[in-house]
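Q: Sharing a structure here in structure tokens format.
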Amino acid sequence: MLEGLDRRRLVICGDSNLVIRQVRGEIDCKAPGLTLLKRKALDRLRKWNDHELVHDKRDWNGSADSLVSAALQRQRGIEVQEMPGYQDLVTLNRLDEILIPKTENPVLRVAAVTTRAGRARSPAGVMQEDLIREIRLDRIKQAQEEEVWIAGMKKYLSGSISNLTQAEARSYGKIAADYE
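In my numbering, the protein residues as written are 139 to 318.
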């Protein structure tokens, strides 16, 4: 699938934290069949100079969720080639909201020593970076507020359960217990 692409940078996103960490080498892969698959994946990744494995929640990758659901329903793989179906997958995919592209040529940062008068002003690059970070965090917060279950989970975790139904509170309690 990736053979014809330009080999600059590859970001692979997966919703299985276990698999991502196994391929990164952070966790041992003990099952013989999975070890073989891991070796195949690593062999293919060696062809890419710059690659990254990123764990993302299924909610952030709606296109993968859609493809998996369709494949499970048909009990076989699915290939999207026509534009309307492809555009639907692009619309479902929200990964661009959580991924930060790496710069090809990292910039060396130099801290300048100044007098008191000079300290009152911040360098333009730092201000711009802070502004971008703030805008990005606002986008993430807005996306989280749009997700009903995240907003409900925030209410549960902050103790504002009076706004939740008993069933919602019980559901959020079970999810929260998984992370304690």
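Don't be surprised by glycine CBs; every beta carbon is placed ideally from N, CA and C.
These numbers come from a predicted model, not from an experiment.
Check isoleucine 150 in the structure and name its three-state DSSP category.
A: Reduced to three states, the DSSP call for isoleucine 150 is strand.
Q: Starting from glutamate 190, follow its DSSP beta bridges and name the residues at the other end.
A: Bridge partners of glutamate 190: Val149.
Q: With a cut-off of 8 angstroms on the beta carbons, I'd call cysteine 167 and lysine 176 a contact; round off their distance for me.
A: Confirmed, about 5 angstroms.
Q: Nearest-angstrom Cα distance between isoleucine 278 and arginine 271?
A: Their Cα atoms are separated by approximately 11 angstroms.
Q: Between aspartate 276 and glutamine 282, what straight-line distance do the alpha-carbon atoms span, to the nearest angstrom?
A: Aspartate 276 and glutamine 282: Cα-Cα distance of roughly 10 angstroms.
Q: What are the boundary residues of the alpha helix (DSSP H) that includes tyrosine 294?
A: Run containing tyrosine 294: 286 to 296, per the alpha helix (DSSP H) assignment.
Q: To the nearest angstrom, how far is it from the Cα of threonine 173 to the Cα of valine 192?
A: Spanning the two alpha carbons is a distance of roughly 20 angstroms.
Q: Going straight from the alpha carbon of glutamate 306 to that of glycine 290, what length do you get?
A: Their Cα atoms are separated by approximately 8 angstroms.
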